[in-house]
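For reference, the structure is listed below as structure tokens.
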Amino acid sequence: MKKIATLLIIVITILCLAGAFIPQASDKSPQFIERWKRTYPLSYSVLHFLQLDRVFSSYLFVVSIFLLFLVLSYFLYLQIKLLFKSSMKVSLKKTCFSLNGFKSVRLDGKTEVAHIANFFRDKGYRTVAMEGNRILFARHGIGKFGTLIFHAGILLVILGALYYAGFHKRGFVQLIKGDTFSGRGDDFLVKDLGLFRRNFDIDFQVRLVDFKHEYWGTGELKNLSSTIITANQEDRFKKWVIVPNAPLNYRGISIYQSFNYGYTLSFLLKKPSGEEVLCHFSLDISPHVNKPMRGVSDYPLTAYIFDMEFYPDKDRSSFYLKKPMLKLSIMEGNERKFEGVMEPGSEMEFEGGRLKFLEIRNWSGLIFTLSPGKYFFYTGFILIIAGAFFIYFLPASEIICVLEAEDGRRILYLKGFTKRYHALFNEEMEGLIKELAGRFS
Amino acid sequence: MQDLSLLKYETIFHWIAVLLYISSSILFMYGLTFKKEKGLNSGWIVSLSGLIPHSIALGIRWFVQGHGPYMIKYEVLSSNAWICIVMFLVISRKISRLKAAGGIVVAVSFIAMTAGLFTNPDIKMLPPSLRSIWLLIHVLFNKLATASLLIAFSASVLYLLKEGKGEAQLFSLSTYMLDLYNYRFAGIGFFFWTITIIAGAIWANQSWGRYWGWDPVETWSLVTWLLLGFYLHMRVFYRWSGRKAAWAMVLCFSVSVLTIFIIPMVVESLHTQYFQ
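Sequences listed follow chains Y and W, in order. The numbering used here puts the first residue of the first sequence at 1, with every later residue one more than the last. The numbering used here puts the first residue of the second sequence at 1001, with every later residue one more than the last.
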């Protein structure tokens, strides 16, 4: 069992290292993966076959975690059995009691068992059992359970993780100010569902009524907040403000303020046929105030590609909408159809039709989650911390004392047991013996 | 943000602290090499006096920027050095024979601090994702874990030195006790590292709605934790001790340094913000 546990720790560590060194498909863009496939086809094929380009969802990783779960369960069972079997109280009651390995100290003839008990109590030891002239003292008794508690905590966290992997739901929406998210699973921009989940529909709608982004004087982001209105099937409307680190919990769903946000540029293209196509391009805010927000995208129902460079303030001194400016380039295939600057509200002739830059609005990223396994995680966390504390800060120790009478004097036989830090405990035992000899001689 | 001109005093106090720590390291080395208890005691007192300007420097920065020193290399290295020295001073006050570890703890701390002084000290304000009580818990316990592992590492290095030279040579602390302190502080470091990971997971869930995202620093942090767990299991399962245990601790400490200081510099990560 020890060998299997050790092997599993090594395997999981190696897999984590593989995940750290080998580019993971979940972290990289599709372009990166394509480039990798083209440049190093052999290494990509081998790693892909071994699932090392997605280590943390690979069969090997999942099986290793599951085996660890089984080993831990068995280990816990053994530990519980051992705790009841190996109690020193049992050995204290034995009629045939060997003093092999005990240290002895000669004491005054008047020394009684009660004196010894008081002495050890002053040293932080508790009298656990007393059988005639034999006493069992213990300190940090809870420490004995440390390993059990710690591993039980890990077991719960693994259970929570397995449950989460099977049943979680997560979705991301880019909500434009004034627009409403329908709550339908298909309307999420990005979705991440557990193995046993098929869709993520929520039973309420969300409307973004306001979005604020604030900055420090240094240009770094200071705060974000989205004001939303939720509406459910019973037609109950509620207004909420969501800020980072304070998710809204509503009807079993947690809604988080994402750190993705920006501006949405809306266009209306009137084709020569008279057909009108409305389109919104949502651009991410740029990391620096003097850099433009960029976006390249197809214009729906046309063959045009819009290449946009947008400044909320053409003086490049603010992230807020002051004097907005858009540098627009429109391509059709390899042919440039337009290149120039547009301002909100402006309209121009375009390819026999008209193109109007309608408006600019804020968009805010909202994350909707349903995270099962919360109680497993939090109970597991508490047990792990408590267990590790008991193991490394409160190492359990026990001392058996036997007080014998001999030639009008008393001889105290002592033997100590501990699982950890033997050198310190041995030193302590020597100190105790010296002090006993000094006090009761 | 308060008056930025105060920051010039911060730099002066930082340099005074560095000079005192250098003197303290020299005294510790003298005490270790020539088995002079006096050298170790003087080293301890000088590092305590170095802690005063160091604390003032960090205090000024905290006051000026309005948040703790955990945002840029300059602050992270300095505050880590501060916690390492405080932990060492407190522990060696209680366990006097551990003063021998000062030669390594104080030296590593002042090297980290000096390296920080040559990086960009510009103030970086807290982004909204970092304004959480879990940040404080996560960061504080990570620093405590680093300090504990540094003490365990020092005990291991001293063990290897003493083993090479012979028990009667160098300082009076026995290899038997050095091995024990390696184990003890590795256990304490493991406990603090565990809280770091858990606090980080709770904070991630509060901030992004997920406990774990396999971010490079998260992954390396788990690797460090697993390595420490492996080492501690080996001590119990297979009675690893002495030389083997000392080398294992050196490896664990090196990986922890890689996780905290190197990975955020070389890999794109959510944690990169704190080490720019």
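Even glycine gets a Cβ: it sits at the ideal position worked out from N, Cα and C.
- The count of Cβ pairs closer than 8 Å, one atom from the stretch 1105-1121 of chain W and one from the stretch 1192-1206 of chain W, stays below three, leaving the stretches out of contact.
- The closest CA to that of Glu234 (chain Y), considering only Y:Ile228, Y:Tyr215, Y:Phe204, Y:Gly262, is found on Y:Phe204.
- Each of Y:Val341, Y:Phe306, Y:Leu355 was checked against the Cα of Met331 (chain Y), and the nearest Cα belongs to Y:Phe306.
- Taking a contact to require three or more Cβ pairs closer than 8 Å, the stretch 1055-1073 of chain W and the stretch 1099-1111 of chain W do not qualify as touching.
- Chain order gives the chain W residues near Gly19 (chain Y) as Trp1214, Thr1219, where near means a beta carbon separation below 8 Å.
- Contact residues of the stretch 380-408 of chain Y toward chain W are Phe381, Ile384, Ile385, Ala388, Phe389, Ile391, Tyr392, Phe393 (C-beta to C-beta distance below 8 Å).
- Among the residues facing chain W, Glu276 (chain Y) is not included, as its CB has no counterpart in that chain under 8 Å away.
- Note: Asp210 (chain Y) is bridge-paired with Y:Thr227 in the DSSP secondary-structure output.
- For Asp307 (chain Y), the secondary structure class from DSSP, reduced to helix, strand or coil, is strand.
- Take Ile176 (chain Y), set aside five residues on each side of it, and the residues of its chain with a beta-carbon closer than 6 Å to its own are Thr264, Arg361, Trp363, in chain order.
- In this chain, the alpha helix (DSSP H) harbouring Asn1182 (chain W) covers 1175-1208.
- Under DSSP, no beta-bridge partner is assigned to Arg420 (chain Y).
- Beta-carbon to beta-carbon, Leu1020 (chain W) and Gly1031 (chain W) are separated by about 16 Å, too far to satisfy the 8 Å threshold.
- At a cut-off of 8 Å between beta carbons, Phe377 (chain Y) contacts chain W.
- With at least 16 other beta carbons inside 10 angstroms of its own, Pro312 (chain Y) counts as buried.
- The beta carbon of Thr1146 (chain W) is closer than 6 Å to those of Asn1080 in its chain, skipping five residues each way along the sequence.
- Rounded to the nearest angstrom, the gap between the Cα atoms of Leu1222 (chain W) and Gly219 (chain Y) is 34 Å.
- Excluding residues up to 5 positions away in sequence, Val1046 lie with their Cβ nearer than 7 Å to the Cβ of Ser1023 (chain W) in the same chain.
- The C-beta distance from Ser1156 (chain W) to Met1249 (chain W) rounds to 4 Å, short enough to fall under 8 Å.
- Scanning Y:Asp201, Y:Ile242, Y:Ser26 for the CA closest to the CA of His213 (chain Y) turns up Y:Ile242.
- The DSSP-derived three-state label of Thr1033 (chain W) is helix.
- In the DSSP assignment, Arg134 (chain Y) falls within the unbroken beta strand (DSSP E) covering 134-139.
- Contact with chain Y is found for Lys1124 (chain W), since one of that chain's Cβ atoms lies less than 8 Å from the residue's Cβ.
- Only buried fits Ala1186 (chain W), as 16 or more other CB atoms lie within 10 angstroms of its CB.
- If the five residues before and after Thr1272 (chain W) are omitted, its C-beta is found closer than 7 Å to the C-beta atoms of Pro1264, all from its own chain and listed in chain order.
- Here DSSP, grouped into helix, strand and coil, assigns Ile1104 (chain W) to helix.
- Using a Cβ distance threshold of 8 Å, Tyr1159 (chain W) and Ala1246 (chain W) count as a contacting pair.
- Annotation: Tyr375 (chain Y) to Leu162 (chain Y) spans about 13 Å, alpha carbon to alpha carbon.
- Taking 3 residues as the minimum length, the beta strand (DSSP E) runs contained wholly in the stretch 341-378 of chain Y are 347-350, 353-370, in order along the chain.
- A distance below 8 Å separates the beta carbons of Leu269 (chain Y) and Thr302 (chain Y).
- Within the stretch 1221-1238 of chain W, the residues whose Cβ lies closer than 7 Å to some Cβ of chain Y are Leu1222, Val1223, Leu1226, Leu1227, Gly1229, Phe1230, His1233, Phe1237, listed in chain order.
- Counting only Cβ-Cβ distances below 7 Å, Trp216 (chain Y) has contacts in chain W at Met1125, in chain order.
- Gly438 (chain Y) is not a Cβ neighbour of Gly109 (chain Y), given a cutoff of 8 Å.
- Boundaries cannot be given for Leu1126 (chain W), as no beta strand (DSSP E) includes it and DSSP labels it neither H nor E.
- Straight-line spacing of the CA atoms in Gly352 (chain Y) and Pro272 (chain Y) works out to 5 Å.
- Across the set Y:Lys2, Y:His422, Y:Phe377, Y:Gly387, the C-alpha of Y:His422 shows the shortest separation from the C-alpha of Ser397 (chain Y).
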